[in-house]
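Some notes on the structure that comes next.
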Amino acid sequence: MNARTFTQLKRTFYGTFSVALALSLVACSGSRPAYLGSPQTALQLCPSSPNCVSSLDNEEESHKITPLPFQTAGTNSAKLSAAIERNPSAEIVVNTESYIYAEYTSDIMGYVDDVEFLIIPSQQRIDVRSASRLGHSDFGVNRQRIEQLRKQLSEN
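Per this note's numbering, the sequence shown starts with residue 5, numbered consecutively.
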């Protein structure tokens, strides 16, 4: 094999590898579930897989998480949005006075987690649901994310 043939093989290999890598990263994001992104009266419950936490899930201990602290009426959405935007992996998709939907994308594999917040002034609570789009386990990432937001909100 001469040098020219070897160089062509190398280019073909790296080109094929690059395309395969790009396609696998796109596939990791999954598609947005249809029930997300519109204000609701209640958030969906978690699926049976352990990659979800929700303040409304009373059935499965591994899914339970305390609602976020309610701030002064009228300031909850702004404070929560600001806390979310501090995370460079987050993108707010829907932001209303009573509902926020954000997507968090992991740095390495590009996995997307869907996070919803339902602000209920009459009950002075902020319900939350954070779930991975793909896979079975999230190694506690969704719970850690919500606890980090809780900490940021309590510091402000």
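Positions of the beta carbon are idealized from the N, C-alpha and C atoms, including for glycine.
Whole-angstrom distance between I96 and L40, CA atom to CA atom | Going by C-alpha positions, L40 is about 12 Å away from I96.
Whole-angstrom Cβ separation of T100 and P43, contact assumed at under 8 Å?
-> So it is a contact: roughly 6 Å between Cβ atoms.
What does E120 pair with, by DSSP beta-bridge criteria?
-> Bridge partners of E120: Y105 and R133.
Minimum C-alpha distance to P71 - residue among D111, S134 and T109 | Nearest C-alpha to P71: S134.
Return the residue from the list R147, A7, G114 and F121 that minimises the CA-CA distance to L138.
-> Here the closest residue by C-alpha is G114.
Helix, strand or coil: which one does DSSP assign to N6?
-> Reduced to three states, the DSSP call for N6 is coil.
Should I88 be labelled buried (16 or more other beta-carbon atoms within 10 Å of its own) or exposed?
-> So I88 ends up on the buried side.
So the beta strand (DSSP E) S58 belongs to, where does it begin and stop?
-> Segment C56 to S58, the beta strand (DSSP E) holding S58.
Kindly indicate the opening and closing residues of the beta strand (DSSP E) around I96.
-> Where I96 is concerned, the enclosing beta strand (DSSP E) stretches over A94 to N99.
Going by CA-CA distance only, name the one from R15, P37, N6 and S52 that's closest to H140.
-> Here the closest residue by C-alpha is S52.
S93 vs S66 beta-carbon contact at 8 Å | No, they are not a contact pair.
Pairwise C-alpha distance: Y105 and S81 = Y105 has its alpha-carbon roughly 11 Å from the corresponding atom of S81.
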